[in-house]
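Asks: Numbering (the numbering used here), first residue to last: 108 to 572.
Starting off with a structure, shown below.
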Ligand SMILES: *Cc1c(COP(=O)(O)O)cnc(C)c1O
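Following this line, the structure appears as structure tokens:
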């Protein structure tokens, strides 16, 4: 047969579309996407045929190729994963896990309408912040609050509202960079304020602030140095001292707490982080902190402070651009309600439950996982339980190591490529499992595991190494 005849025997796009073989594919991917893929497959078949002068592919084989291409590109992108990194609040893995009451509340408001901005008592327009204002006031001692998308947005909005076109004084030791390019000096610039660095990197005194204050000063800023610590010969100006300086100069004090917490972490065996209540009672006019760090809630930025300052912030048109949606608000309300029973937080709130978990309890989870993992990996790897340490993550108490245990996996014979193969097959599971590498081993720290059976089911789908 000559080339022309051969090519003419390749079926048309319509023939494939009408074939029963593609019924299910059309249902899943729709007419447009399926047609485009058929065109690609047919174009390639024609090109191949020109070169090989081989037999014409069957309709069935062309349909199979279309289906397989569409299915392989269709895998979902955003998946639930098992965080076995040992970092409880892992920013790349979505930070805090929500309690069930918050998940239920999200589902209630997501599936229909709600009174998000509707005052049911008066029957008129309401304010979305009203749903958390009383609760946060009760828990933190703040007079008023407003909620935005994340803490970075909270800092931006506060600076822009309180100091646009003016100077903001901050200690040189607190010019923080948070992961993901959030740098205080740059945020300050984008907020339209001028940075006035005060003191030295390791030591800043109240007199340094006194000297820096001028008619142009609009705000004092204190940033919690979440992800590093300056040790040795140091002097920091306390919240009380900063507040007193602000009062005498007639400028407000903004405290960016970063993680922020409403409870004393010492009761969970961690170091003390200044609580929101402490910083407000020390005299800060406005405090910002994250919803999804130590608070254990949804991604949000919480701005709490005195009535006058919060009211100015709420009038800033940027607030409208940075406000949170109904699902965030619903989750936040439920998480905050748990704080009314602080004695139950170590069971009721996943973040604190995971942080408070004893090393012995983590070891028990590891013991339940070990046999499944060892059986699945066969002779290709040695699995054992070793002492290790977890951390909070998200910049909270970066130097605070929490005693923990981890499954330690080493391929036998040890080899870097086989280790990488193991890491990548754990990442390719339907519910990917993420651990961390240390000393040529893969460590899986089960501190945040709540459903051992579900994780065991994932391990059972691993191929032997
Ligand atoms: C984490 C952090 C931020 C940013 O908070 P996001 O909620 O991630 O936007 C800002 N300031 C400090 C000090 C932080 O630790």
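Just so you know, even glycine gets a beta-carbon here, dropped at the ideal spot from N, CA and C.
Note that this is a predicted model, so its numbers are computed, not measured.
Does the region 196 to 212 come within contact of the region 442 to 450, defined as at least 3 CB pairs closer than 8 Å?
Replies: At 8 Å Cβ cutoff, the stretches touch.
Asks: Would you check if the distance between the CB atom of residue 479 and the CB atom of residue 561 is smaller than 8 Å?
Replies: No, they are not a contact pair.
Asks: Can you find the residues in the same chain that come closer than 7 Å, C-beta to C-beta, to residue 362, ignoring five residues on each side of it along the sequence?
Replies: So the list reads 329, 346, 386, 391 and 394, once near-sequence residues are dropped.
Asks: Do you know whose CA, among 228, 247, 223 and 230, lies nearest residue 236's CA?
Replies: Nearest option by C-alpha distance: 223.
Asks: Taking the runs of the alpha helix (DSSP H) that are 4 residues or longer, which of them lie wholly in the region 165 to 225?
Replies: Whole alpha helix (DSSP H) segments, 4+ residues: 166 to 180 and 207 to 217.
Asks: Quick one: any contact between the region 150 to 170 and the region 520 to 534, if contact means 3 or more CB pairs under 8 Å?
Replies: With the cut-off at 8 Å, the region 150 to 170 and the region 520 to 534 do not touch.
Asks: Near residue 353, which residues of its chain fall below 8 Å by C-beta distance, leaving aside the five closest residues on each side in sequence?
Replies: Here the set comprises 327, 359, 360, 390 and 392.
Asks: In the DSSP output, what is residue 491 paired with across the bridge?
Replies: Paired residue(s): 515.
Asks: Return the Cβ separation of residue 400 and residue 202 in integer angstroms, given the expectation that the two are a contact with Cβ distance under 8 Å.
Replies: About 7 Å separates the two Cβ atoms, so the contact holds.
Asks: Going by DSSP, name the residue or residues bridged to residue 503.
Replies: DSSP, once it has assigned bridges, lists 500 as partnering residue 503.
Asks: Can you tell me whether residue 467 is helix, strand or coil according to DSSP?
Replies: DSSP places residue 467 in helix when its eight states are reduced to three.
Asks: What are the start and end residues of each continuous beta strand (DSSP E) run of 3 or more residues lying completely inside the region 231 to 270, in chain order?
Replies: Those beta strand (DSSP E) runs which fall completely within the region 231 to 270 and span 3+ residues are 251 to 255.
Asks: From which residue to which residue does the alpha helix (DSSP H) around residue 414 run?
Replies: Segment 414 to 422, the alpha helix (DSSP H) holding residue 414.
Asks: Return the CA-CA distance between residue 102 and residue 485, expressed in angstroms with no decimal places.
Replies: Beyond the ends of the chain as shown, which are 108 and 572, falls residue 102; an answer cannot be given.
Asks: Kindly indicate which three-state DSSP category residue 397 falls into: helix, strand or coil?
Replies: Strand, per DSSP.
Asks: With residue 268 and residue 419 assumed to form a contact (beta carbons below 8 Å), what rounded beta-carbon distance in angstroms separates them?
Replies: With 8 Å as the limit, residue 268 and residue 419 qualify as a contact, their Cβ atoms being about 5 Å apart.
Asks: Would you give the residue range spanned by the beta strand (DSSP E) that residue 356 belongs to?
Replies: Unbroken run through residue 356 is the alpha helix (DSSP H), 346 to 356; no beta strand (DSSP E).
Asks: Exposed or buried, which one is residue 316 when buried takes at least 16 other CB atoms within 10 Å?
Replies: Residue 316 should be labelled buried.
Asks: Measure the beta-carbon distance from residue 288 to residue 503 and round it to whole angstroms, keeping in mind my assumption that it falls under 8 Å.
Replies: So it is not a contact: roughly 19 Å between Cβ atoms.
Asks: Can you name the start and end residues of the beta strand (DSSP E) that residue 532 belongs to?
Replies: Per DSSP, residue 532 belongs to no beta strand (DSSP E); it is in the alpha helix (DSSP H), 523 to 534.
Asks: Ends of the alpha helix (DSSP H) at residue 450?
Replies: Neither: residue 450 is in no alpha helix (DSSP H) and is coded neither H nor E.
Asks: Just mark residue 436 as buried or exposed, buried being the case when its beta carbon has 16 or more other beta carbons within 10 Å.
Replies: Buried is the call here.
Asks: Here's the rule: buried if 16 or more other CB atoms are within 10 angstroms of the residue's CB, otherwise exposed. What is residue 455?
Replies: Classification for residue 455: buried.
Asks: According to DSSP, is residue 291 part of a helix, a strand, or is it coil?
Replies: The answer is helix: DSSP assigns residue 291 an H, G or I state.
Asks: Report the residue ranges of all alpha helix (DSSP H) runs contained in full by the region 284 to 331; include only those spanning at least 4 residues, in chain order.
Replies: Counting only runs of 4 or more, we get 291 to 297 and 313 to 319.
Asks: If the criterion is Cβ atoms closer than 8 Å, does the pair residue 500 and residue 195 meet it?
Replies: Yes, they are a contact pair.
Asks: Taking Cβ to Cβ, would you say residue 313 is nearer than 8 Å to residue 344?
Replies: A contact, by the Cβ cut-off of 8 Å.
Asks: Nearest CA to the CA of residue 272: which residue from 336, 415 and 298?
Replies: It is 298 whose Cα lies nearest to the Cα of residue 272.
Asks: Taking buried to mean at least 16 other C-beta atoms within 10 Å of its own C-beta, is residue 554 buried or exposed?
Replies: Residue 554 is buried by the Cβ-count criterion.
Asks: Could you check where the beta strand (DSSP E) with residue 549 kicks off and where it finishes?
Replies: Looking at the DSSP string, the run of the beta strand (DSSP E) that includes residue 549 is 548 to 551.
Asks: For the alpha helix (DSSP H) containing residue 135, name the first residue and the last one.
Replies: Where residue 135 is concerned, the enclosing alpha helix (DSSP H) stretches over 130 to 159.
Asks: At the level of alpha carbons, what is the spacing between residue 124 and residue 160?
Replies: C-alpha separation (whole angstroms): 25 Å.
Asks: Based on DSSP bridge pairs, tell me the residues matched to residue 479.
Replies: Paired residue(s): none; residue 479 is not in a bridge.
Asks: Look at residue 261 and residue 410 and say whether their C-beta atoms are less than 8 Å apart.
Replies: Yes; because the gap between Cβ atoms is below 8 Å, this pair is in contact.
Asks: In its own chain, which residues sit with a C-beta less than 6 Å from the C-beta of residue 306, not counting the 5 before and 5 after it?
Replies: Correct list, in chain order: 278, 279 and 315.
Asks: Given 7 Å as the limit, tell me if residue 285 has its C-beta closer than that to any heavy atom belonging to ligand 1.
Replies: It does: the Cβ of residue 285 is within 7 Å (strictly closer) of some heavy atom of ligand 1.
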